[in-house]
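Novice: Questions regarding the structure given below will be posed in turn.
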Amino acid sequence: MTAYGKSLSFSGSRGSAFENELQLNTHVSKMPQQRPRGPPTPSMSTPAADFDQQLTGSPPPPPTPAASPGPSHTRPSWSGGEHGDDQFVQDMLGYFAKCGSSQRMRILTTLLDVCTSQQLSFVHQHVSPLLKKDPFTSLPDELCLRILSFIDDPKVLARASQVSRRWRDLLSDDMTWKNLCVKHDYQRRMSEVNHNPPMQLSPLPSAVRSEGFTFGSQDSDTASRGLPSAALPSCGLPTGSMSIDGSVTQFATPRPRLKSYKSHFKQRYLVDAAWRTGGRNISKNITQEAGVVTSLHLTSKYIIVALDNAKIHVFDTEGNAQRTLQGHVMGVWAMVPWDDILVSGGCDRDVRVWDLTTGNCLYTLRGHTSTVRCLKMSDANTAISGSRDTTLRIWDIRTGHCKNVLVGHQASVRCLEIKGDIIVSGSYDTTAKVWSISEGRCLFTLQGHYSQIYAIAFDGYRVATGSLDTSVRIWDAKSGECLAILQGHTSLVGQLQMRGGTLVTGGSDGSVRVWSLERFCPIHRLAAHDNSVTSLQFDDTRVVSGGSDGRVKVWDLKTGHLVRELITQGEAVWRVAFEEEKCVAMALKNSRTVMEVWNFSPPEDALERPSSLPQRELDAPVPARPLSAISLDFQRSGTMQDVEMTDAGPSTAPLQRRSFFHSDFNGGSSMN
């Protein structure tokens with residue numbers, strides 16, 4: 001042990017050590033250069049950015065972290081050492097244990113100085129795992145959750161939850177998944193309880209909302225309160241009947257209430273993934289001949305199909321036939337469901353009221369003198385019909401009586417929309433009219449088109465009309481003023497849908513166009529079909545279009561990119577209707593009318609898995625935390641004891657580029 005008495009130079013240390021090694025003939029020269037193994041590290045590369053970075057405005061996700069170091073490490077075997085080596089090592093360890101901190105540092109420095117590069121590499125490989133430390137075991141929960149809030153990729157979070165129980169506990173905190181819902185625009189109302197609120201209007205930007213109006217006694221349930229535009233249609237929400245015009249006519253609750261933001265995010269994520277690449281579909285032959293489908297509605301309970309052969313077919317949501325409604329003597333050209341009631345009209349000039357549960361015709365409403373071309377319902381008891389006889393009639397379907405006749409158009413009434421007490425109608429006389437149901441009179445006549453009006457949309461504040469003159473006009477429903485003329489289509493504009501600040505149009509030129517109603521300019525120009533666009537619907541995520549070229553296409557609303565084609569081999573597509581987890585298309589294939597039902601809902605066992613970790617329900621109280629750990633707060637929703645998530649706003653609104661360092665601390669949570 002005299003070697004520790006005097007400090008030697010680097011070269012002297014190496015020479016002295018070499019001589020001692022030869023004299024002692026220790027195991028150092030025979031030490032096997034085995035590489036110890038630390039705990040297994042997942043061989044995962046950084047996940048691809050599945051979500052558009054422009055959507056989230058956040059940097060790319062970090063790599064998946066390696067597993068935390070375990071309590072023990074595999075040590076090399078010294079079975080090849082000579083007799084007496086163990087005693088030498090024990091004596092050296094005993095001496096080392098008695099030394100103070102400074103003396104230990106000196107010994108270690110001296111030992112490292114005499115090591116070869118290969119031996120230093122061995123030391124590095126052995127020491128590095130011992131120095132690794134899981135930061136989440138020492139940091140407070142608030143700081144750990146704040147760090148996790150910067151991860152955008154759900155696959156990274158899912159993999160990270162498998163690192164250790166501590167990581168899994170942190171990633172079971174609902175605040176992380178709530179933030180992820182916000183980042184990915186999964187900001188819909190989380191209520192899945194059995195409440196059936198009345199229909200409400202979509203909110204508009206403040207500049208437009210200030211121009212809201214009431215004609216006569218406008219229905220307070222339909223016009224006085226706002227509903228986020230992303231709330232229809234939505235699984236987990238009280239959803240309604242989705243028709244080809246995107247209107248909602250009834251409410252139901254298709255899925256049990258989700259208990260956490262994590263389960264909500266997982267459900268939405270799996271549904272979106274199924275829309276992109278998955279889904280299950282079935283095909284049903286509706287007729288043995290090529291019947292024309294004139295109307296299609298998808299509700300939470302029924303799929304309802306009307307044809308020009310005077311028949312109305314009723315299916316359940318899985319596509320199983322339930323009954324056929326027969327009573328019309330000529331083609332059915334308009335229908336509208338409300339709960340278990342269906343109102344239909346056609347070429348026989350009659351309006352019929354049906355009970356969908358029994359298939360019985362409750363009333364036959366007569367009064368029109370020509371084909372009933374369009375039908376809408378303002379509430380569960382009132383239906384409005386438009387006819388080629390130039391009139392609109394308001395019906396009380398409880399009694400079967402006509403309440404009023406609206407006269408003013410000079411040609412066939414082709415289309416109509418209703419919000420609250422207000423009706424807007426479009427006619428072949430090139431004009432649109434704004435009517436009051438309660439007053440029974442015309443409030444405004446919207447003049448400006450040079451040819452017939454084929455499509456109309458109305459959100460309670462603005463009216464959009466599509467015409468054979470290839471233009472789309474936007475009107476102020478309060479004053480009757482034309483706000484804008486949207487030009488770009490080269491043929492008849494026969495498909496319109498308005499939602500929030502976004503308008504989507506489809507024309508006989510085969511194109512689909514997405515417009516901003518704030519700037520009155522096009523956002524996307526989609527060369528969708530080789531022939532006329534026969535059906536069109538969109539929500540806050542996607543646009544689904546059908547064309548007479550026999551194709552059904554799904555488009556990303558925000559990017560304008562084609563997501564997939566659901567039908568590619570048809571001869572023509574008559575109608576398409578969809579909700580968040582289901583899509584129904586009526587097509588002509590092999591000279592037969594075929595119904596295709598696509599289901600995008602995830603399996604129930606994929607949504608809720610038993611977990612040993614406690615899960616906080618959405619309406620449970622939130623523990624107090626510093627603002628550094630919370631970027632959004634919970635808010636109560638009246639007596640429903642429910643949490644609502646703010647809508648992402650109009651899909652065409654400018655992207656807000658911000659990281660999660662910039663949260664709503666000053667203004668609080670933007671929870672509606």
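Here the sequence shown is numbered in UniProt numbering, starting from 1 and rising by one per residue. Think of the CB as a built atom: it goes at the ideal place given N, C-alpha and C, for glycine as much as any other residue.
1. Residues bridged to N599 by DSSP?
2. Decide if the stretch 536–555 is in contact with the stretch 170–183; the criterion is three or more beta carbon pairs, one per stretch, under 8 Å apart.
3. Quick check: G367 and C402, are their CB atoms within less than 8 Å of each other?
4. Would you mind sorting A158 into buried or exposed? The rule is 16 or more other CB atoms within 10 Å of its CB.
5. Within 10 Å of its beta-carbon, does L108 have 16 or more other beta-carbons around it, so buried, or fewer, so exposed?
6. Determine, using beta-carbon pairs with one atom in the stretch 462–473 and one in the stretch 492–500, whether at least three such pairs fall under 8 Å.
7. Using 8 Å as the cut-off, can you tell me whether the stretch 381–392 makes contact with the stretch 336–350, which would need three or more C-beta pairs spanning the two stretches below that distance?
8. Among S591, N590 and M595, which has the Cα closest to the Cα of V584?
9. Of the choices I523, A572 and L171, whose alpha-carbon is the least far from that of C144?
10. Please name the residue, chosen from S516, S545, L492 and V271, that lies closest to D469 on a Cα-to-Cα basis.
11. Who are the near neighbours of N404 in its chain, counting only those whose CB is closer than 6 Å to its CB and skipping five residues on each side?
12. Going by the beta-carbon positions, is the gap between V332 and S344 smaller than 8 Å?
13. Measuring alpha carbon to alpha carbon, tell me which of W475, S471 and I418 ends up nearest L446.
14. Would you decide whether M335 is buried or exposed? Buried here means 16 or more other CB atoms lie within 10 Å of its CB.
15. Could you name the residues of the same chain whose beta carbon sits closer than 6 Å to that of A484, not counting the 5 residues immediately before and after it, in chain order?
16. Buried or exposed: where does K133 fall if 16 or more other Cβ atoms within 10 Å of its Cβ makes it buried?
17. Report the rounded CA-to-CA distance for G100 versus F88, giving the unit in angstroms.
18. Take F96 and list the residues in its own chain whose beta-carbon comes closer than 7 Å to its own, dropping the five residues that flank it on each side.
19. Is I384 close to chain D, meaning its C-beta is less than 8 Å from at least one C-beta of that chain?
20. Is the separation between the beta-carbon of G291 and that of N599 shorter than 8 Å?
21. Give, in chain order, every unbroken run of the alpha helix (DSSP H) that is at least 4 residues long and sits entirely within the stretch 97–158.
22. Between residue 674 and the rest of its own chain, which residues show a CB-CB distance below 6 Å, the 5 nearest in sequence each way excluded?
23. Rounding to the nearest angstrom, what Cα-Cα distance links V512 and I456 in this structure?
24. What does DSSP give as the partner residue(s) for F444 in the beta ladder?
25. Where do the N-terminal and C-terminal ends of the alpha helix (DSSP H) with N179 fall, by residue?
26. Could you spell out the range, first to last residue, of the alpha helix (DSSP H) harbouring L170?
27. Could you tell me the boundaries of the beta strand (DSSP E) in which Q487 lies?
28. Looking at the structure shown, is A273 part of a helix, part of a strand, or coil, going by DSSP?
29. Out of V182, S427 and T357, point me to the one whose CA is closest to H409's CA.
30. Can you tell me the Cα-Cα spacing of M199 and S164, whole angstroms?
31. Pick out whichever of S263, I341, T371 and L356 has its Cα sitting closest to the Cα of A380.
32. Under the DSSP definition of a beta bridge, which residues are partnered with K419?
33. Between the Cα of S370 and those of D339, I397, W338 and A411, spot the shortest distance and give me the residue it belongs to.
34. Report, in whole angstroms, the separation of the C-beta atoms of I312 and I303, which I expect to be a contact under 8 Å.
35. Throw me the rounded Cβ distance for the T287 and T593 pair, which I believe falls under 8 Å.
36. So what does Y363 bridge to, in DSSP terms?
Specialist: A quick look at the data gives this:
1. Answer is R280 and K582.
2. Taking a cut-off of 8 Å on C-beta distances, the stretch 536–555 does not touch the stretch 170–183, as fewer than three cross pairs fall below it.
3. Taking 8 Å as the cut-off, the Cβ atoms of G367 and C402 count as close.
4. Burial check for A158: the Cβ neighbour count within 10 Å stays below 16, so the residue is exposed.
5. Result: exposed.
6. Touching, per the Cβ criterion.
7. Enough Cβ pairs lie closer than 8 Å, so yes.
8. If you compare the alpha carbons of S591, N590 and M595 with that of V584, the shortest gap goes to M595.
9. Taking only the C-alpha atoms, the option nearest C144 is L171.
10. Comparing Cα positions, the closest option is L492.
11. Within the same chain, N404 has close Cβ partners I394 and G440.
12. Taking 8 Å as the Cβ cut-off, V332 and S344 qualify as a contacting pair.
13. Closest option to L446, Cα to Cα, is W475.
14. M335 should be labelled buried.
15. So the list reads I474 and F520, once near-sequence residues are dropped.
16. K133 comes out exposed.
17. So the two alpha carbons sit approximately 21 Å from each other.
18. Around F96: R104 and I107.
19. Any reference to chain D falls outside this structure, which holds one protein chain only.
20. In this structure, N599 does not lie closer than 8 Å to G291 by Cβ.
21. Within the stretch 97–158, the complete alpha helix (DSSP H) segments at least 4 residues long are 101–113, 117–131 and 141–148, listed from N- to C-terminus.
22. Because the chain is modelled from 1 through 672, residue 674 falls outside the range shown and cannot be assessed.
23. Using only the alpha carbons, I get a separation of about 16 Å.
24. Looking at the DSSP output, F444 bridges to V434.
25. Membership of N179 in the alpha helix (DSSP H) is indicated by the continuous run D174 to K183.
26. First-last of the alpha helix (DSSP H) with L170: R165 to L171.
27. Per DSSP, Q487 belongs to no beta strand (DSSP E) and is neither H nor E.
28. Look at A273 here: in three-state DSSP terms it is helix.
29. Selection V182, S427 and T357 evaluated against H409 yields S427 as nearest (Cα-Cα).
30. Because M199 sits at a pLDDT of 36, beneath the cut-off of 50, its placement in the model cannot be relied upon, and the following sentence gives the value as read from the coordinates. CA-to-CA, the gap between M199 and S164 works out to about 47 Å.
31. Closest by alpha carbon: I341.
32. Note: K419 sits in a beta bridge opposite I422.
33. Nearest option by C-alpha distance: A411.
34. Under the criterion of beta carbons closer than 8 Å, I312 and I303 do not qualify as touching, at roughly 11 Å.
35. Their Cβ separation, rounded to whole angstroms, is 4 Å, which keeps T287 and T593 in contact under 8 Å.
36. For Y363, DSSP records a beta bridge to V353.
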